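Residues in the sequence shown are numbered consecutively from 1, following full-length UniProt numbering. Idealized CB from N, CA, C, for every residue including glycine. Computed from a predicted model, the values in this text were never measured in an experiment.
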Amino acid sequence: MGYDAESLVAAIRALGAVIAQRRTELTQLDQEIGDGDHGENLARGFSAVLTKLRSTEPETPAKVMALVATTLISTVGGASGPLFGTAFLRGSTVLGGAAELDGALVAAGLVAARDGVVARGKAELGDKTMVDALSPAADAATKAAEAGADVAGVLAAAAEAAAAGAAATAPLQARKGRASYLGERSIGHVDPGAQSTAYILESLAASAAS
Ligand code: ADP
Ligand code: MG
Ligand code: MG
């Protein structure tokens, strides 16, 4: 079976469960260098996504992504809501009317997601934000797709790069978002949005591999 809308809905459901599991941990990261709500924000957003998916069956992967995007934008709030919303929305646009995804489409979606987040939030690589996880993930996904990887392979490469990117935010000083108000005191902590981005990709990769 190809990676169709139904596969993606199942993956988003699994992701919702992962976000709920990681809620406390993500909030603790945000307590260190932010306002301590990142886990709550995402959990609220994905809980709303799961509720919507109980009554809607989007016909294409793009429509699944659009549902996630609009729901996150209207429920997550804070800095990360519009940014994750933008990521899913840009990804949705790239998928177009495709009934099934392949490695190249997933990679293109991740590149568009990264470009959208950068355009919206104006963070550069090394500013200690979700971009530090998403950008290497998009690059790794592109490389994997070019080498012929399928959806699972592309997402595995993206997830691995995102995890490394998130871990590498710890020694950085934040230059964007709330954490930047702390100046040098932001050093020594992993960025919550980079860590959640890594968990999102890890979950999507695990679903695609199963
Ligand atoms: P808030 O900071 O409004 O409370 P969250 O706690 O939900 O929102 O999300 C914080 C995360 O958002 C940060 O850890 C960072 O990864 C991300 N973030 C903040 N500002 C930006 C930005 N300008 N560009 C990219 N990501 C950002
Ligand atoms: Mg916060
Ligand atoms: Mg907040």
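{"Check": "Tell me whether the beta-carbon of residue 213 lies closer than 8 Å to the beta-carbon of R44.", "Outcome": "The shown model of the chain, from 1 to 210, leaves out residue 213, and the question about it has no answer."}
{"Check": "Using the C-alpha atoms, what's the distance from A144 back to V111?", "Outcome": "13 Å"}
{"Check": "Quick check: is any heavy atom of ligand 1 less than 7 Å from the C-beta of H38?", "Outcome": "yes"}
{"Check": "Considering only the alpha carbon of each residue, which of E100, T142, R54 and V154 lies closest to A62?", "Outcome": "E100"}
{"Check": "Roughly how many angstroms lie between the CA atoms of L95 and A209, to the nearest whole one?", "Outcome": "20 Å"}
{"Check": "Can you give the beta carbon distance from M130 to V117, rounded, assuming they're within the 8 Å contact cut?", "Outcome": "7 Å"}
{"Check": "When you compare only the Cα positions, how much space is there between H189 and Q31?", "Outcome": "10 Å"}
{"Check": "Could you name each continuous alpha helix (DSSP H) segment of 4 residues or more that falls completely within the segment 2-71, going from the start of the chain to the end?", "Outcome": "5-33 and 38-55"}
{"Check": "By the three-class DSSP mapping on this structure, what secondary structure does residue 211 have?", "Outcome": "In this structure the chain extends from 1 to 210, so residue 211 is not present and cannot be described."}
{"Check": "Quick check on the DSSP output: the alpha helix (DSSP H) that includes G193 runs from which residue to which?", "Outcome": "P192 to A209"}
{"Check": "What is the rounded straight-line gap between the Cα of L172 and the Cα of G165?", "Outcome": "11 Å"}
{"Check": "State the DSSP-derived secondary structure class of L101, mapped to helix, strand or coil.", "Outcome": "strand"}
{"Check": "Measuring CA to CA, which of T93, G183 and K122 is closest to A108?", "Outcome": "T93"}
{"Check": "Using 7 Å as the cut-off, classify the Cβ of G148 as near or not near the heavy atoms of ligand 3, replying yes or no.", "Outcome": "no"}
{"Check": "On the criterion of 16 or more Cβ atoms from any shown chain inside 10 Å, does R185 qualify as buried, or is it exposed?", "Outcome": "exposed"}
{"Check": "Report yes if the C-beta distance between A162 and L201 is below 8 Å; otherwise report no.", "Outcome": "yes"}
{"Check": "Is the CB-CB distance between A159 and A205 below 8 Å?", "Outcome": "yes"}
{"Check": "If you reduce the DSSP assignment to three classes, tell me which class residue 226 lands in.", "Outcome": "Lying before the first or after the last residue shown, residue 226 is absent from the chain, which here runs from 1 to 210."}
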